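In the numbering used here, the protein residues as written are 1 to 435.
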């Protein structure tokens with residue numbers, strides 16, 4: 001053991017000397033920054049160390065190229081990780097480290113620089129907790145494909161830039177930060193998403209096909225038309241939630257949490273009602289349901305959407321919890337009735353339109369016939385005869401005064417008919433040839 005310690009001391013001394021004379025890749029971090037790295041700054045590739053950001057002088061060797069941790073630093077893993085590392089406030093490039101760290105735990109420090117972070121290829125779960133300031137959104141290097149879970153607790157995160165590339169993990173927990181919206185571009189691989197104790201107000205950017213969704217302790221007021229039938233865990237506890245309307249859940253559901261939510265509108269379909277009602281009171285917050293207040297719904301409003309007021313978890317809780325259970329669409333009878341009314345109205349309107357069209361053409365034809373008669377002014381030889389002119393004809397409309405012609409009117413005794421038949425006849429009289 002003594003030999004190993006002496007060897008490490010000599011190893012540190014040699015590389016402290018060789019790296020202090022060159023520019024350090026972490027120098028932009030500024031003074032008084034200790035970087036935990038696993039790259040060329042540690043000397044032989046495969047080792048990990050802590051270096052000074054300005055000079056890259058090695059201050060601690062953490063692991064050797066073969067992956068062995070150097071005392072007093074250690075890392076053990078048996079379902080949970082136990083580790084002891086030297087102090088650092090920047091996490092650098094570990095792309096060449098051979099140290100085995102299935103679970104990486106970093107936390108309880110005032111700030112952490114991670115913009116150049118590359119996790120060891122052995123990391124399956126990465127936890128960052130209780131870090132007052134961290135530039136996590138500045139990471140540009142890819143995460144290792146081995147990573148399954150990424151958890152950031154109580155670390156004042158507020159905004160992730162749209163350019164941030166999330167790792168293709170199954171689990172993400174962002175508990176106790178300052179997030180006002182769900183981060184964009186969450187991976188399609190995500191199945192379990194916990195974003196408790198933030199400032200979330202809506203579900204924009206929430207990926208589909210989640211199995212677990214923990215929204216406890218946010219600012220959500222309504223859940224409307226959300227199809228979450230893929231979920232087996234859903235928690236709304238400690239939200240100012242008043243409206244759950246047409247939320248869809250399935251029999252996959254194993255936990256539902258709604259404690260301390262002032263719900264006044266609880267409208268669901270039959271499938272969701274059955275999924276909720278089968279649950280029993282939860283003893284552990286993992287299975288069953290957790291509610292701590294009464295819920296009543298508006299009977300009239302429920303009836304108006306063809307719903308029925310039904311009790312949830314009867315005989316399973318001391319609280320009276322009711323929901324309006326309504327179909328997703330109108331009943332078939334209602335649809336048929338509505339369609340019949342529409343057909344009737346359409347037929348009436350169509351019939352009226354047809355009648356109007358027929359009347360229009362009849363009147364138009366009659367008018368044309370009348371005008372052809374009134375406008376005809378045939379020449380009858382010497383302009384004698386007994387024809388009459390319609391009082392509503394073209395000339396009457398022109399306002400011609402025929403009073404002056406009355407002095408030339410012939411008596412019937414003065415007329416002599418020279419033919420046996422009229423030259424013309426019509427509805428208003430006949431035309432005869434005479435002298």
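Glycine included, each C-beta is placed from N, C-alpha and C at the ideal position.
Here the structure is a predicted model, which is why all the values come from computation and not from measurement.
Comparing alpha carbon positions, the residue from 235, 47 and 182 closest to residue 244 is 235. If you compare the alpha carbons of 127, 112, 115 and 41 with that of residue 83, the shortest gap goes to 127. Listed in chain order, the non-local C-beta contacts of residue 296 below 7 Å within the same chain comprise 322, local neighbours out to five positions each way being set aside. Apart from sequence neighbours up to five positions away, the residues of its chain that approach residue 137 with a beta-carbon distance below 6 Å are 160, 161 and 164, ordered along the chain.
Distances from the CA of residue 307 to each of 273, 280, 287 and 294 were compared; the closest alpha carbon is that of 273. A Cβ-Cβ distance of about 5 Å is found for the pair residue 124 and residue 102, placing them in contact under the 8 Å criterion. In this chain, residue 219 is not harboured by any alpha helix (DSSP H), its DSSP state being neither H nor E. Residue pairing by DSSP places residue 255 opposite 233 and 288 in a beta bridge. Non-local C-beta neighbours of residue 225 in its own chain, meaning closer than 6 Å and more than five positions away in sequence, comprise 246, ordered along the chain. The straight-line gap separating the alpha-carbon atoms of residue 233 and residue 287 is approximately 8 Å. One Cα belongs to residue 211, the other to residue 73, and the distance between them is close to 38 Å. Here residue 355 carries a helix assignment [DSSP, helix/strand/coil]. Leaving aside the five residues that flank residue 260 on each side, the residues in its chain whose CB is nearer than 7 Å to its CB run, in chain order, 237, 238 and 292. Buried is the label assigned to residue 176, since at least 16 other Cβ atoms lie within 10 Å of its Cβ. Taking the CA atoms as reference points, residue 145 sits about 41 Å from residue 269. Taking 8 Å as the cut-off, the beta carbon of residue 94 is found closer than this to the beta carbon of residue 48.
Annotated as proximal: residue 112 and residue 89, with beta-carbon spacing under 8 Å.
In this structure, the straight-line span from the alpha carbon of residue 153 to that of residue 304 is close to 46 Å. The C-beta distance from residue 214 to residue 195 rounds to 7 Å, short enough to meet the 8 Å contact threshold. In the structure shown, residue 56 falls within a coil segment according to DSSP collapsed to helix, strand and coil. Bounds of the beta strand (DSSP E) holding residue 311 are 308-312. Here residue 319 is exposed: its Cβ has fewer than 16 other Cβ atoms, across all protein chains shown, within 10 Å. Contact between residue 179 and residue 202 is absent: CB atoms are separated by about 12 Å, not below the 8 Å threshold. In the three-state scheme derived from DSSP, where H, G and I count as helix and E and B as strand, residue 137 is classed as helix. Measuring C-alpha to C-alpha distances from residue 114 to each of 258, 100 and 155 identifies 155 as the nearest. By the neighbour-count definition (other C-beta atoms within 10 Å, threshold 16), residue 23 is an exposed residue. The alpha-carbon separation between residue 199 and residue 46 amounts to approximately 42 Å. Between the C-alpha atoms of residue 284 and residue 290 there is a straight-line separation of about 9 Å. Between residue 281 and residue 317 a beta carbon distance of about 6 Å is seen, short of the 8 Å cut, so the two are scored as contacting. Per DSSP, the beta bridge partners of residue 49 are 37 and 61. Between residue 265 and the set 143, 205 and 326, the nearest pair of CA atoms involves 326.
In the structure shown, residue 272 adopts helical secondary structure according to DSSP, grouped into three states.
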